[in-house]
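Visitor: Counting from 1 along the sequence shown, just add 1241 to a position and that's the residue number in my numbering.
By construction, the Cβ of each residue, glycine as well, lies at the ideal position given by its N, Cα and C atoms.
Only a predicted model underlies this, so the values are computations on that prediction, with no experimental measurement involved.
Let me give you the structure first, and then I'll get to my questions.
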Amino acid sequence: MHVSTTDNIWQHRNFVILVLTGFLLSFGSRVYELALPLIIYDLTQSSVAMGTMRALQFLPIFLFGLFIGVFVDRSDKRRWMLGSVGLQTGLLFALFTYAQIGTPQAGVFYGAGFVLMMCSYGYINARISSIKWALPTHMMTSANAKFTFIQTFMQVMGPAISGAILFLSSLYYGLLITACVYLFALVVLSRIDLQESSSPERLHSFWREMREGWAELRGNRPLWHLTWFVSFFNATAISFELMVIFFVKDELQWTAARVGLVLSCAGAGGLLGSMSTESLRRRFGLGTCLALTLILLGLTYSLTGLYGNAFAIGLALACYGFATTMQNICIWAFRHESTSAPMMGRVGGLTGAIFKIGVPVALVASGWLAEVAGARSVFVVCGLIQIVVFALFVRSIVFQQR
């Protein structure tokens, strides 16, 4: 594998192209991820139907995560990314045209949403592998921080994007806007030159390569243990994220403006985390940084459960944004650093599926608990889980990693 030896990450041409493409795709996906549920609601007048569209984003990684990982490892990364983005672009243009000339049906948009999410995951998996080829190992933390900054920035811009979509004369124009942005991203991405991404001819069967990916992950004990810790990180985080909105809107009866203002604190914390994680990891190491995030999240969940004023919840959300961003950067960087480039797609697919394995159960359980005992009880349980996970984490092999 050959990469430039320069220490300035922005002098790596392929990385710059990936970052610019990532920015465009993050913006575009944010638009259609907001527009599609609104379109479904407009067609069905059902909040359940609208919520089902959100659940679709988890299905592709559960059903096809490892398969996509094997295909990515076997294929040319550049062609795979171009194919994924190109298919999304064509589908978005087709959806807009269908809405203009036909009678839109919710089922069509469900199917399209599933395909869009699957292609998005395929692109992300290939991008993860491409970063491994494009940069030296010591730049993985910095690289992941840049992509996390983009994602966090788009989350901060979410309310503004939502407002802009609602001001459109038709929600379907959101699909057209996304398609145009994706087309531009496709042009930018076509400039990438990943010579090393072409895999040598393989003599092994597809299923054998799947087993090799599993063996690679199991053989990497720190990453294997970290992967299961992350499944708990994600389960509690998504429960908190979902329930805090319900808490401030339904139980505290806040206005939409106040909710939006306080929720923006999470984005501010996330931006701070994306800018500071690299230096914090260099100073304290991976294990200590992740332990710090567990402490912060434990305090966050407890603070939200105990206090109901705007300052306390805003502070808690800022800590939440900072801690989850630091977690993501450290986890993704360590996965890059500890996995060989030829195995990156398969390991990425496996870990990605396990990362989300507890999410469906957590969403159902938190909803049931909130209905029975109130949202505060969910925050308390999340805090208790953090204490247990922290106690196990500091005794694990992951805590020793730099």
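Where does Thr1389 fall in DSSP's three states?
Guide: Reduced to three states, the DSSP call for Thr1389 is helix.
Visitor: If I measure Cβ to Cβ from Cys1560 and keep anything under 7 Å in the same chain, skipping five residues before and after, which residues do I get?
Guide: Around Cys1560: Gly1510, Leu1537, Leu1540, Thr1541.
Visitor: Within this structure, are the beta carbons of Ser1287 and Gly1586 separated by less than 8 Å?
Guide: Contact flag unset, no.
Visitor: For a test of the three-state rule: what should DSSP assign to Gln1286, helix, strand or coil?
Guide: Gln1286: coil per DSSP, three-state reduction.
Visitor: Could you check whether the segment 1327-1346 touches the segment 1411-1421, counting it as contact only if at least three pairs of C-beta atoms, one from each stretch, sit closer than 8 Å?
Guide: Result yes; three or more Cβ-Cβ pairs closer than 8 Å.
Visitor: Contact between the segment 1296-1311 and the segment 1573-1581 is defined here as three or more beta-carbon pairs at a separation below 8 Å; is this criterion met?
Guide: Segments in contact, no.
Visitor: Grab the span of the alpha helix (DSSP H) containing Tyr1542 for me, first residue to last.
Guide: Counting along the chain, the alpha helix (DSSP H) containing Tyr1542 begins and ends at 1527-1547.
Visitor: Going by the beta-carbon positions, is the gap between Tyr1364 and Ser1325 smaller than 8 Å?
Guide: Going by C-beta atoms, Tyr1364 is nearer than 8 Å to Ser1325.
Visitor: Would Ile1281 and Ala1353 be called neighbours here (beta carbons separated by less than 8 Å)?
Guide: Result no, Cβ atoms of Ile1281 and Ala1353 do not sit closer than 8 Å.
Visitor: Quick one: residues in its chain with C-beta nearer than 8 Å to the C-beta of Glu1457, no 5 flanking neighbours on either side, listed in chain order?
Guide: Same-chain partners within the cutoff: Thr1580, Ser1581, Met1584, Arg1587, Val1588.
Visitor: Could you pull the start and end residues of the alpha helix (DSSP H) that Gly1415 belongs to?
Guide: Where Gly1415 is concerned, the enclosing alpha helix (DSSP H) stretches over 1414-1430.
Visitor: Here's a check: name, in chain order, each residue in its chain whose Cβ is nearer than 7 Å to the Cβ of Leu1467, leaving out the five neighbours to either side.
Guide: Taken in chain order, the residues that qualify are Ile1572, Phe1575, Val1639.
Visitor: What are the complete alpha helix (DSSP H) segments, minimum 4 residues, inside the segment 1545-1628?
Guide: You should have 1551-1579, 1585-1596, 1600-1614.
Visitor: Taking 8 Å as the cut-off, decide whether the C-beta atoms of Gly1599 and Phe1473 are in contact.
Guide: Against a cut-off of 8 Å, the Cβ pair of Phe1473 and Gly1599 comes out as a contact.
Visitor: Under the three-state reduction of DSSP, which class applies to Ile1638: helix, strand or coil?
Guide: Of the three classes helix, strand and coil, the one that applies to Ile1638 here is coil, per DSSP.
Visitor: Alpha carbon to alpha carbon, how far is Ser1431 from Arg1319? Give it in angstroms, no decimals.
Guide: If you take the alpha carbons of Arg1319 and Ser1431, they lie about 8 Å apart.
Visitor: Rounded to the nearest angstrom, what separates Pro1278 and Ala1290 at their Cα positions?
Guide: Taking the straight line joining both Cα atoms gives about 8 Å.
Visitor: Ignore the nearest five residues each way along the sequence and tell me which others in Thr1477's own chain have a CB closer than 6 Å to its CB.
Guide: Taken in chain order, the residues that qualify are Cys1623, Ile1626.
Visitor: Taking Leu1521 as the reference, which of Ala1507, Gly1501, Gly1549, Met1567 has the closest Cα?
Guide: Nearest option by C-alpha distance: Met1567.
Visitor: Of the choices Val1613, Trp1448, Leu1357, Ala1611, whose alpha-carbon is the least far from that of Asp1314?
Guide: Asp1314 has its Cα closest to that of Trp1448, out of Val1613, Trp1448, Leu1357, Ala1611.
Visitor: Roughly how many whole angstroms lie between the Cα atoms of Ala1594 and Leu1307?
Guide: Approximately 8 Å between the Cα atoms of the pair.
Visitor: Is it true that the CB of Gly1454 sits closer than 8 Å to the CB of Val1311?
Guide: Yes, Cβ-Cβ distance for Val1311 and Gly1454 is below 8 Å.
Visitor: Can you list, in chain order, the residues of its chain whose CB lies under 6 Å from that of Leu1328, leaving out five sequence neighbours each side?
Guide: Within the same chain, Leu1328 has close Cβ partners Cys1360.
Visitor: Leaving out the 5 sequence neighbours to the left and right, which residues in its chain are closer than 8 Å to Met1516 when beta-carbon positions are compared?
Guide: Here the set comprises Ala1386, Phe1390.
Visitor: Flag this pair as touching only if the segment 1487-1501 and the segment 1603-1618 have three or more C-beta atom pairs under 8 Å; answer yes or no.
Guide: Judged by Cβ distances under 8 Å, the segment 1487-1501 makes contact with the segment 1603-1618, as three or more pairs qualify.
Visitor: Quick one: using the 10 Å Cβ neighbour count with 16 as the cut-off for buried, is Arg1254 buried or exposed?
Guide: Exposed: under 16 other Cβ atoms inside 10 Å.
Visitor: Determine the contact status of Leu1535 and Val1471, defining contact as a CB-CB distance below 8 Å.
Guide: Not in contact: Leu1535 and Val1471 (Cβ atoms no closer than 8 Å).
Visitor: By how many angstroms is the C-alpha of Ser1410 removed from the C-alpha of Phe1563?
Guide: Going from the Cα of Phe1563 to the Cα of Ser1410 covers about 37 Å.
Visitor: Report buried or exposed for Ser1505, applying the criterion of at least 16 other Cβ atoms within 10 angstroms of its Cβ.
Guide: Result: buried.
Visitor: From Ser1224 to Asn1366, what distance separates their C-alpha atoms?
Guide: An answer regarding residue 1224 cannot be provided, because it is not within the stretch 1242 to 1643 covered by the chain.
Visitor: Could you give the first and the last residue of the continuous alpha helix (DSSP H) run that contains Val1356?
Guide: From DSSP, the alpha helix (DSSP H) with Val1356 extends over 1347-1375.
Visitor: Please determine, among Tyr1351, Leu1513, Ala1551, Met1451, the residue with the shortest C-alpha to C-alpha distance to Leu1502.
Guide: It is Ala1551.
Visitor: Hey, quick one: how far does the alpha helix (DSSP H) through Glu1482 stretch, first residue to last?
Guide: Unbroken alpha helix (DSSP H) run through Glu1482: 1462-1487.
Visitor: Does the beta-carbon distance from Ile1258 to Val1429 come in below 8 Å?
Guide: Taking 8 Å as the Cβ cut-off, Ile1258 and Val1429 qualify as a contacting pair.
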